[in-house]
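Chemist: Following this message is one structure expressed as structure tokens.
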Ligand code: ITT
Ligand code: NA
């Protein structure tokens, strides 16, 4: 049976495919790009969980198939949690990863390492066409570098150094990132609900 991945972010799609197939889910994973006629939902929620549920319900309702969605972002301690749910459009243009990252680095300036704490957050939502929903969250704690490093991943990966590592997320292999990431943790926690509700 089909399970819709309710995202148009290519970085997320590839990570979700790996995380969900590694967890042994038997479903055919179909990206939202397979349904170009379905418009993007407005992310009007004020939390990651609300936005993830909005995205999952929109695709489940429109396709008549179960859908999972991800809402995620970077929360910076010294910025009181910003960019947070605004991470994808922090510099103004939705999905301009380089502009977002450059603006954030400029805002942090030369703030010392001990004040550069941050975490990635991810809410993973499952919605069924009948309105049934589940949502769980994951986090990856770390510190923000002064300059980007690495070419893997997407978004803010080149500046987030996970706690206990000397590399940035963009210097990890895809498997290393998925093993510790906010997205890996959230979706692995969602899998039992997918199994229970979809069989
Ligand atoms: P969809 O809504 O279609 O899923 P999106 O990119 O708009 O795609 P979000 O609103 O959840 O998704 O924004 C997530 C942003 O947070 C993303 O654009 C990155 O800037 C950042 N982000 C999330 N997870 C990340 C990760 O694993 N590594 C680096 N940056 C990440
Ligand atoms: Na969002």
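Residue numbers (full-length UniProt numbering): 6 to 204.
The beta carbon of each residue, even a glycine, is placed where N, CA and C say it ideally should be.
Going by beta-carbon coordinates alone, are residue 111 and residue 100 separated by less than 8 Å?
Modeler: Result no, Cβ atoms of residue 111 and residue 100 do not sit closer than 8 Å.
Chemist: Tell me whether the beta-carbon of residue 30 lies closer than 8 Å to the beta-carbon of residue 18.
Modeler: Not in contact: residue 30 and residue 18 (Cβ atoms no closer than 8 Å).
Chemist: Which one of 201, 14, 15, 33 has the shortest CA to CA distance from residue 8?
Modeler: Closest option to residue 8, Cα to Cα, is 33.
Chemist: Return yes when the Cβ of residue 188 is within less than 8 Å of the Cβ of residue 148, no when it is not.
Modeler: Cβ atoms of residue 148 and residue 188: not closer than 8 Å.
Chemist: Go ahead and label residue 202 buried or exposed: buried means 16 or more other beta carbons lie within 10 angstroms of its beta carbon, across all protein chains shown.
Modeler: With fewer than 16 other Cβ atoms within 10 Å, it is exposed.
Chemist: DSSP has residue 72 in a bridge; who is on the other side?
Modeler: Residue 72 pairs with 9, 132.
Chemist: Do residue 169 and residue 162 have their C-beta atoms within less than 8 Å of each other?
Modeler: Cβ distance not < 8 Å, so residue 169 and residue 162 don't count as in contact.
Chemist: Using only the heavy atoms of the ligand ITT, determine whether one of them is closer than 7 Å to the beta carbon of residue 161.
Modeler: True, at least one ligand heavy atom lies under 7 Å from that Cβ.
Chemist: Can you list the alpha helix (DSSP H) stretches of 4 or more residues lying completely in the segment 29-79, in chain order?
Modeler: Complete alpha helix (DSSP H) runs here, min 4: 53-68.
Chemist: Whose CB is closer than 6 Å to a heavy atom of the ligand NA? List the residues in chain order.
Modeler: Every residue passing the under-6 Å Cβ criterion appears here: 48, 56, 76, 90, 93.
Chemist: What three-state label does DSSP hand residue 168 in the structure shown?
Modeler: Coil.
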